[in-house]
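Notes follow once the structure below has been shown.
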Amino acid sequence: MKMQKNKDSKILKHFTPNSVGVVSYSKRGATPYRTRSFAKGTSAGFTLFFAVLTASLLLSIGVSMLNISLKELDLSASGRESQFAFYAADTGLECALYWDRVERSFATSTDSSVPSSGIICNGQDITQSDAWNNSNIDNNSATTVFSLLIDQNDPQKGCAVVEVTKEQNGNQVETVLESRGRNNCGTAGDKFERGIMANY
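Per our numbering, residue -5 is the first one in the sequence shown, and the count goes up by one each step.
Here you go:
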């Protein structure tokens, strides 16, 4: 028993564990063998890195999609306000067309007789508007400017500024109507302007 104990002690002394594995041996005179055991820290670190990389990628995609959505919303709102400006311009142009083609109320030259009141559009007398002006009147041409509120009680709902230019060319009178509509004629909010022109 004593000899066997010494023999085993020598084997254990010769094969000591190290940092990369543990030592095992067989008592039946077989050569001792070494079993390697790898640390778990390497695998866990790779998993964490992969998880962080995946999360960063998903976050980047999410932020990009949010940015695109916000731009689409802004573009949609801009298109809506621009459409309101177009409606205002169209309203102003229709007003000018009626009072020129039907009533012939706009000056063509210094010989023209222009009414000082009674030109009604959208419930408003445009001759009383701040923009009403007969300018550049000479023997052969005249330009008239007027403004029109879409809602006369709320300037925030848009307006139109219309310029009527008439020029005599021989026996004919050439007319150019230019209406510029705005979605908002108040002091607050974003401003959009659309223009329509007609000539005959």
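Beta carbons are placed, not taken as given, at the ideal position from N, Cα and C, and that holds for glycine.
**Report entry** Reference residue 185, options 153, 139, 171, closest by Cα
**Finding:** 153
Report task. Can you tell me which of the three DSSP states residue 131 falls into? Result -> coil
Query raised in the report: According to the Cβ coordinates, are residue 91 and residue 118 closer than 8 Å?
Result: no
Query raised in the report: Under 8 Å between the Cβ atoms of residue 175 and residue 86?
Result: yes
Query raised in the report: From 43, 127, 157, pick the residue whose C-alpha is nearest to that of residue 198; which is it?
Result: Here the chain covers residues -5 to 194 and nothing more, so residue 198 does not appear.
Query raised in the report: When burial is assigned at 16 or more other CB atoms within 10 Å of the CB, is residue 55 buried or exposed?
Result: exposed
Requested in this report: With a cut-off of 8 Å on the beta carbons, I'd call residue 136 and residue 106 a contact; round off their distance for me.
Outcome: 6 Å
Query raised in the report: Is residue 190 closer than 8 Å to residue 83 when the C-beta atoms are compared?
Result: yes
**Report entry** residue 139 versus residue 166 - alpha carbon distance
**Finding:** 22 Å
Requested in this report: Measure the beta-carbon distance from residue 158 to residue 193 and round it to whole angstroms, keeping in mind my assumption that it falls under 8 Å.
Outcome: Not confirmed; about 11 Å, so no contact.
Query raised in the report: Which one or two residues does DSSP pair with residue 119 in a beta bridge?
Result: 114
Query raised in the report: Could you give the distance in angstroms between the alpha-carbon of residue 172 and the alpha-carbon of residue 88?
Result: 11 Å
Query raised in the report: What are the boundary residues of the beta strand (DSSP E) that residue 174 is part of?
Result: 166 to 176
Requested in this report: Please confirm whether residue 133 and residue 161 have their CB atoms less than 8 Å apart.
Outcome: no
**Report entry** Between the CA atoms of residue 81 and residue 71 - distance to the nearest angstrom
**Finding:** 16 Å
Query raised in the report: Anyone know if the C-beta pair for residue 129 and residue 141 falls short of 8 Å?
Result: no
Query raised in the report: From 76, 182, 168, pick the residue whose C-alpha is nearest to that of residue 148; which is it?
Result: 182
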